[in-house]
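Below is one structure, written out as structure tokens; the observations come after it.
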Ligand code: HDE
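Residue numbers (the numbering used here): 3 to 691.
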């Protein structure tokens with residue numbers, strides 16, 4: 003519906019003083035679902051002005067009935083998500099590897115819908131919970147929809163889908179009390195992990211800063227499982243899918259995450275919304291790790307084991323296209339809530355491997371969609387419908403929009419051209435004819451048995467700062483675990499990963515005595531470090547897409563303010579002014595500077611770097627504001643770069659911050675550009691040493 007302004011409307015007052023905005027001119031008439039024009043939307047039909055409401059009030063009945071049925075079940079996992087539209091652009095023909103239509107022609111664009119999510123929290127939980135992020139991509143190709151239903155971490159907790167309900171039960175709220183919400187820092191989760199050694203590699207990943215990304219825009223995506231690509235000759239190549247953000251990787255720090263969830267529970271969705279609305283479209287490259295049976299045979303780990311990676315140093319990631327996200331949804335429910343992903347949605351040229359987790363997922367997703375969306379016709383919803391023509395004999399059911407015309411609704415039939423669609427033996431989807439000759443049995447392959455070596459490799463591939471964060475995260479989570487035996491059991495696994503890590507955690511927990519290392523099916527082997535596993539080593543090379551928050555007061559130096567604004571915008575970054583009053587401040591030359599946030603609502607955790615531009619009187623005023631002091635002391639504690647005008651030191655004193663190498667005084671306008679350049683490092687980690 004077009005937007006309606008008050009000026010378009012004629013306003014009448016009812017007998018009780020209620021407001022009637024009456025349709026005039028181009029403003030559409032309010033109707034019932036049946037299209038009947040509504041005369042009065044303020045009052046139900048009553049017997050007399052003070053009498054009971056009458057059952058025959060169809061408009062009232064329909065309105066309340068519909069409202070009562072607005073909710074659908076939230077996703078059992080990944081309930082909290084945020085979806086956006088975009089496109090995938092193919093760089094080159096991959097015909098030698100796959101017959102998948104979208105990869106045949108260089109420059110070909112394919113429409114996509116992407117839904118990012120947290121896993122454990124309910125729909126109303128906070129965005130920056132420590133959690134894995136879902137990274138689900140639906141590609142509307144010319145040969146049907148292909149879903150890459152991935153995460154922002156390339157490994158998973160479990161090796162067999164049969165353990166998924168246990169994992170998720172343990173991670174979500176404890177059943178007797180209904181909390182904690184959206185966090186793994188509780189007994190049940192760590193009890194399960196400590197009794198499931200295959201999860202230890204993933205435990206290292208989730209205790210790293212990967213689970214507190216700065217934004218969806220700055221995180222990688224992974225298909226996790228090994229898939230197959232099949233070319234026109236039927237040749238199979240194994241493949242792992244990677245999405246690499248062109249914006250570089252970036253995470254927040256834990257104390258920042260805790261404060262962010264209070265300051266803005268919608269921090270991640272707002273960030274993506276703002277970036278797209280501003281035309282700063284985030285991009286990812288699709289990368290393929292391609293390998294053959296021979297590599298799979300000689301690789302130290304089983305390529306079917308989803309708790310393992312293949313290091314990029316062993317099999318490089320080949321960029322084959324880019325994905326640009328450039329459109330927010332028109333309606334959250336219609337698109338983000340109703341979108342239905344499914345690992346089973348693959349197109350000719352893509353196929354599955356025997357990864358037992360993937361096989362289990364293929365079974366699960368249809369079921370979950372039926373439960374959630376209530377009908378096998380969820381593919382008829384616009385966000386789920388293929389963009390290419392489709393013809394089949396599936397019919398009827400709740401909310402069927404696409405029942406085919408004509409007499410034939412079965413196949414084979416003898417109705418000739420009117421008889422409907424036919425098979426395409428060559429061009430249609432053909433499964434890879436892998437030979438399988440094996441006993442039916444419930445076993446775990448022995449090739450899945452090494453649970454610690456890659457966890458160690460991950461840990462040792464991190465920078466010093468990142469290792470400290472991992473140790474602190476384990477300490478924090480285990481400090482919330484009430485049962486000492488569970489804490490000790492987790493540490494017993496860490497002893498098989500890295501003795502130093504285990505000892506640091508044990509010491510921080512004051513865990514005594516030190517437990518024995520957990521029994522391991524195989525000894526931990528020394529693997530070479532993989533720098534690609536670090537976030538800090540794979541950060542951006544610019545401040546583009548980041549946000550500078552500038553705390554200003556009356557009398558703020560206008561020349562520095564303007565210089566900073568232009569330097570930030572030149573870098574392709576965003577700038578926001580924060581002031582004691584949201585109306586704004588008067589700069590030293592009398593210019594009015596509008597604020598985006600009042601200091602109480604704009605803490606420094608919302609920004610990648612900050613500045614304080616003030617006058618001596620302004621600094622004195624700010625120094626009396628607890629939130630202004632927090633603005634500075636939090637930025638300091640979170641290792642952010644801080645630019646300032648000379649007068650701001652009074653605020654730093656009040657906030658007990660000693661300006662260090664991460665503080666840059668702006669003495670002249672030319673210093674602004676140098677400061678923005680400094681911000682490319684994102685954090686002044688030396689401060690945390
Ligand atoms: Fe999922 N997963 N999953 N999962 N998953 C769902 O489907 C499931 C797994 C992932 O934004 C559900 O529509 C099983 C791994 C994402 O709509 C459900 C197993 C990975 C999303 C389901 C896994 C994922 C889901 C819940 C173990 C990363 C959100 C609602 C075998 C590679 C998609 C729904 C969206 C959603 C089942 C494990 C990613 C219940 C049984 C591993 C990103 O079907």
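All C-beta atoms in this analysis are idealised placements derived from N, C-alpha and C, irrespective of residue type, glycine included. As the structure is a computational prediction, the values presented were derived from the model and not from experiment.
query, result
"Where residue 616 sits in the DSSP three-state scheme", "coil"
"Best match in 378, 364 and 676 for proximity to residue 162 [C-alpha to C-alpha]", "364"
"Extent of the continuous beta strand (DSSP E) to which residue 245 belongs", "238–247"
"Nearest-angstrom Cα separation, counted from residue 252 out to residue 651", "29 Å"
"Segments of 4+ residues assigned as alpha helix (DSSP H) that fall wholly inside the segment 329–394", "358–375"
"Residues bridged to residue 287 [DSSP beta-bridge criterion]", "246 and 324"
"Buried versus exposed call for residue 43 [16 or more other C-beta atoms within 10 Å across all chains shown]", "exposed"
"Distance cut-off 7 Å: residue 279 Cβ against heavy atoms of the ligand HDE", "no"
"Top-ranked residue by Cα proximity to residue 578, from 551, 558 and 557", "551"
"Proximity test, residue 363 beta-carbon vs the ligand HDE heavy atom, cut-off 7 Å", "yes"
"Nearest neighbour of residue 184, chosen from 259, 112 and 141 [CA to CA]", "259"
"Counted within 10 angstroms of its Cβ, other Cβ atoms place residue 2 as buried (16 or more) or exposed", "For the chain, the structure presents residues 3 to 691; residue 2 sits outside this window and is missing."
"The ligand HDE heavy atom lying under 7 Å from the CB of residue 342", "yes"
"Nearest-angstrom Cβ-Cβ length linking residue 513 and residue 490, presumed shorter than 8 Å", "6 Å"
"Residue 376 beta carbon near the ligand HDE (any heavy atom closer than 7 Å)", "no"
"Cβ shell of residue 476 (< 6 Å), same chain only, five flanking positions each side left out", "209 and 507"
"Residues near residue 412 by beta carbon distance below 8 Å, same chain, minus five either side", "395"
"Option in 73, 643 and 388 with minimal Cα separation from residue 404", "388"
"Segment contact flag, the segment 677–685 with the segment 639–646, C-beta cutoff 8 Å, min 3 pairs", "yes"
"Beta-carbon proximity of residue 2 to residue 558, cut-off 8 Å", "No information on residue 2 is available, as it lies outside the stretch 3 to 691 that the chain covers here."
"Residue interval of the beta strand (DSSP E) (run including residue 576)", "576–581"
"heavy atom of the ligand HDE below 7 Å from residue 117 C-beta", "yes"
"Sub-8 Å separation of residue 121 and residue 68 beta-carbons", "no"
"Exposed unless 16 or more other CB atoms sit within 10 angstroms - verdict on residue 401", "exposed"
"Simplified DSSP state of residue 495, which is helix, strand or coil", "helix"
"Straight-line gap, residue 1 to residue 656 (C-alpha atoms, nearest Å)", "No statement about residue 1 is possible, as the shown extent of the chain runs from 3 to 691 and does not include it."
"Beta-carbon proximity list for residue 581, same chain, < 6 Å, skipping 5 on both sides", "554, 587 and 597"
"Euclidean distance between Cα positions of residue 189 and residue 486", "10 Å"
"At least 3 beta-carbon pairs within less than 8 Å: the segment 589–596 vs the segment 558–575", "yes"
"Euclidean distance between Cα positions of residue 441 and residue 152", "31 Å"
"Proximity below 8 Å, CB of residue 292 to CB of residue 239", "yes"
"Through-space distance from residue 420 to residue 157, alpha-carbon basis", "50 Å"
"Residue 370: CB within 7 Å of a non-hydrogen atom of the ligand HDE", "yes"
"Residue 646 in three-state terms, based on DSSP", "strand"
"Residue 215 versus 429, 312, 130 and 248, residue with shortest Cα-Cα distance", "130"
"beta-carbon residue 308 near the ligand HDE non-hydrogen atom, thresh 7 Å", "yes"
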